[in-house]
Every structure is written in structure tokens, then in C-alpha cells.
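What follows is a single structure, written as C-alpha cells, with notes after it.
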């Protein structure tokens, strides 16, 4: 039996279209997907064993400036040197188009790693960066050859983080892992810092046990055993 209509009020039929349904669900679905993505990322991090490395690296980074043996003005100089080096490399079309070079400064010593198409390009880059103000020494470790692919770069990034984390476990009285700068290029680990000989040896040994490390190069500057006494 049909229901009687109320003649005083207009009769309206609400039609829910597919677009309405999509619009109402979009916000909910987006939140669910973001939450799921976050959980997946966290799960992958924990399962891969990277969580300790991430937390360890964060702790090291926070304490680095507190225990650094470099004076504050030298720390600032190193930061400026790296910025100027990056700017110089990007500003030179010849070098930029024919190389993949990274510049790392520690105590005004500038380490150059990466690759260049030719010896001439590598030498030109080293000469260019050696003219940056405050640079006292340039260590040219640029390889002549093809550029490192993304997979190799990712491996180098992992190795650097793993070495930094493992240095926390060095069992040596007075050893401070924040005083060691770690740079990895094509599986070769470069260690920089102001350390005493015992600290240098302990750091190099620990780094050499990290999976994927081809070679460890010590570029330390040595201080007296009682420098912090």
C-alpha cells in the first residue's frame, strides 16, 4: 500500500552518486593508507635490523658537537668549506657534467671521493677546490671510471651508518665515537678525526668487520693520549 505524501512540503529524493561515495570515503581511505604505510615502514625497519642503527646514529649526531675536539670556529669552517665545495662543483659545467664527486671537510682537511670520467677532470676538480679559503690540505681519492649507480650509493650509505653505530661498541677507555668522521665511497671507508693512535686503530678495526667494506683508509690527525685529561 503506498504511503500518503505530505503536500505541504516538497518531495525530495536524495540520490547518492558514485562521486559522492568516493568523496566521503577518500579522506578515510587516505588516512588508512598513510597509517598502513607508516606501519609497513616501521616493520621493515625493525625486521631489517636497522632500528638500532637509526637510533644509534641519532644519539651520535646529538652528542657530536659536545665532545668534538675541534674548536667551534673550526667546526664552522668545515661546514663552510663543504658548502663552498658543493657550490664550486655545481658551478663548473665541465666538472659537473663529467664527474660524481663528494667533498668532506674535517679540521680543514678536504677529502674528495667519487668518480670522474678522466684523470684531467679529477685533477681539475682537486685544483679548483684546493683554492677554497681555509682549506689546509686536500686528499684526492677520486676514482677515474663510471659513476656509481643508485644501488652502490645505497650500499655506501648503509655502510656509513653501520660503521657509526658499531663504533659505539668500541671497548676502549675514553673512546668517543662522535670524534670519528665516516665517509664511504664504492665500499671503501675513510675515517677522519682528531684521535690518538689507540683510538685510530680501534676505530679502523671495528670498521673493517662491517659487511661490504672493501678497505679502510685512516685519514686521522693524531693528538696526545692525554689531550682530554
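In UniProt numbering, the protein residues as written are 1 to 229. Cβ coordinates follow ideal geometry from the N, Cα and C atoms, glycine included. Predicted model only: the values in this text are computed from it and were never measured.
- In the DSSP annotation of this structure, residue 175 is not part of any beta strand (DSSP E), being labelled neither H nor E.
- Per the C-alpha coordinates, the member of 174, 208, 115, 195 positioned closest to residue 217 is 208.
- For the pair residue 107 and residue 192, the Cα-to-Cα distance works out to about 9 Å.
- In this structure, DSSP gives residue 110 an extended state, which the three-state scheme calls strand.
- Residue 170 and residue 213 have their C-alpha atoms spaced approximately 18 Å apart.
- A straight line joining the alpha-carbon of residue 201 with that of residue 141 spans about 21 Å.
- Contact between the stretch 111-125 and the stretch 137-154 is present: 3 or more CB-CB pairs across the two stretches fall below 8 Å.
- Judged by beta-carbon spacing, residue 189 lies within the 9 Å limit of residue 160, meaning their Cβ atoms are closer than that value.
- Taking the C-beta atoms as reference points, residue 98 is found no nearer than 9 Å to residue 89.
- Collapsing the DSSP output to three states places residue 206 in a helix.
- Annotated as distal: residue 183 and residue 167, with beta-carbon spacing of 9 Å or more.
- Shortest Cα-Cα distance from residue 134 to any of 149, 120, 105 involves 105.
- The DSSP-derived three-state label of residue 101 is strand.
- For residue 139, the enclosing beta strand (DSSP E) has its first and last residue at 137-140.
- For residue 78, same chain residues with a beta-carbon under 8 Å away, outside a window of 5 residues either side, are 70, 105, 106, 107, 108 in chain order.
- Residue 76: member of the alpha helix (DSSP H) spanning 72-91, first to last residue.
- Taking the Cα positions, residue 121 is about 22 Å away from residue 150.
- For residue 194, the uninterrupted beta strand (DSSP E) run begins and ends at 188-195, by DSSP.
- The criterion of a C-beta distance shorter than 9 Å is satisfied by residue 225 and residue 196.
- Residue 94 sits exposed, since fewer than 16 C-beta atoms from the chains shown fall within 10 Å of its C-beta.
- Residue 87 counts as exposed, since fewer than 16 other beta carbons sit within 10 angstroms of its beta carbon.
- When rounded, the separation of the alpha-carbon atoms in residue 72 and residue 83 is 17 Å.
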